[in-house]
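Colleague: After the structure tokens below, expect a handful of questions from me.
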Amino acid sequence: MQIEPLSIRGAYLVHLETHEDPRGWFARTFCAETFRAAGLESDIRQTNLSWNAHTGTLRGLHYQIEPWGEAKLITVVRGRIFDVAADIRRDSPTFGKIVTTELDATAPVALYLDRGLAHGFLTLQDDTLIHYSMFNTYHPEAARGVRWDDPVLAIPWPGKPSSISERDQKWPTLEQLNEH
Numbered sequence: 004m005q006i007e008p009l010s011i012r013g014a015y016l017v018h019l020e021t022h023e024d025p026r027g028w029f030a031r032t033f034c035a036e037t038f039r040a041a042g043l044e045s046d047i048r049q050t051n052l053s054w055n056a057h058t059g060t061l062r063g064l065h066y067q068i069e070p071w072g073e074a075k076l077i078t079v080v081r082g083r084i085f086d087v088a089a090d091i092r093r094d095s096p097t098f099g100k101i102v103t104t105e106l107d108a109t110a111p112v113a114l115y116l117d118r119g120l121a122h123g124f125l126t127l128q129d130d131t132l133i134h135y136s137m138f139n140t141y142h143p144e145a146a147r148g149v150r151w152d153d154p155v156l157a158i159p160w161p162g163k164p165s166s167i168s169e170r171d172q173k174w175p176t177l178e179q180l181n182e183h
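If you count the sequence shown from 1, position 160 lands on 163 in our numbering, and the numbers rise without skipping.
If you want it as structure tokens, here you go:
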């Protein structure tokens, strides 16, 4: 597995090494030793699935405040997504910057996001399934978000969402965030 840093601090593409034969391929999606050697969190605390019935489903941008900040490893198991990470750490040199990538179930690539990065995605295919490995547990009282259409972040979504939760529509903008 190869870990490629992206343009914002704490965001990495994880290129999986495949072992192919006539049946298809096999790839290791996580290795604690490899992650530790790269300076990434390596203690998975929780795993989650997100199934999305329709193209155009938008989720995010989500994060948890400290002390419950969470790093995550995102892998698409079925379908395809446009994935977004936004650096919301005010002390970061990449504060207010975003990184986008497409993740596809047929490509052996995952996305690692460190604590302090807000995460969201837009499905590009019906019946899309995403697997998350979380490096902290979910705490509802620590759950926060940033607006998906924040003008400062200016995310270049590849289409308008056809489905978005009421909660995700009401998150504050980056300028309105007031964490204590």
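A virtual CB, placed ideally from N, CA and C, is assigned to each residue, including glycine.
Residue 143 by DSSP, collapsed to three states: which one?
Modeller: As a first step, residue 143 must be located in the sequence shown, where it is residue number 140. Residue 143 falls in the helix class under three-state DSSP.
Colleague: Just the C-alpha distance for residue 102 and residue 90, rounded to the nearest angstrom, thanks.
Modeller: As a first step, residue 102 is located in the sequence shown; it is residue number 99 there, counting from the start. As a first step, residue 90 is located in the sequence shown; it is residue number 87 there, counting from the start. One C-alpha to the other measures close to 9 Å.
Colleague: For the beta strand (DSSP E) that contains residue 32, what are its first and last residues?
Modeller: Looking up residue 32 in the sequence shown gives position 29. Note, residue 32: premise wrong, no beta strand (DSSP E); not H, not E.
Colleague: Among 48, 52, 47 and 6, which one has its Cα closest to the Cα of residue 132?
Modeller: Indexing the sequence shown from 1 puts residue 132 at position 129. The shortest C-alpha separation from residue 132 is found at 52.
Colleague: Would you please state the rounded distance, in angstroms, between the beta carbons of residue 165 and residue 59? I believe it to be under 8 Å.
Modeller: Taking the first residue of the sequence shown as 1, we reach residue 165 at position 162. Taking the first residue of the sequence shown as 1, we reach residue 59 at position 56. That belief holds up - the Cβ atoms of residue 165 and residue 59 are roughly 3 Å apart, short of 8 Å.
Colleague: Let's test the definition: count the other Cβ atoms within 10 Å of the Cβ of residue 136 and tell me whether it reaches 16, buried, or not, exposed.
Modeller: Numbered from its first residue, the sequence shown carries residue 136 at position 133. Buried, since its Cβ has 16 or more Cβ neighbours within 10 Å.
Colleague: How about residue 49 and residue 115: do their beta carbons lie closer than 8 Å?
Modeller: Residue numbering aside, residue 49 sits at position 46 when the sequence shown is read from its first letter. Residue numbering aside, residue 115 sits at position 112 when the sequence shown is read from its first letter. No, the Cβ-Cβ distance between residue 49 and residue 115 is not below 8 Å.
Colleague: Skipping 5 residues on each side, what residues in its chain have a beta carbon closer than 7 Å to that of residue 145?
Modeller: In the sequence shown, counting from the first residue as 1, residue 145 sits at position 142. Closer than 7 Å at Cβ, skipping near neighbours: 67, 68 and 71.
Colleague: Report, in whole angstroms, the separation of the C-beta atoms of residue 5 and residue 18, which I expect to be a contact under 8 Å.
Modeller: Here residue 5 is taken as the residue at index 2 of the sequence shown, counted from 1. Here residue 18 is taken as the residue at index 15 of the sequence shown, counted from 1. Going by Cβ atoms, the distance from residue 5 to residue 18 rounds to 4 Å, so yes, they are a contact pair.
Colleague: Under 8 Å: do the stretch 80-87 and the stretch 104-124 share three or more Cβ pairs, one atom per stretch?
Modeller: At 8 Å Cβ cutoff, the stretches touch.
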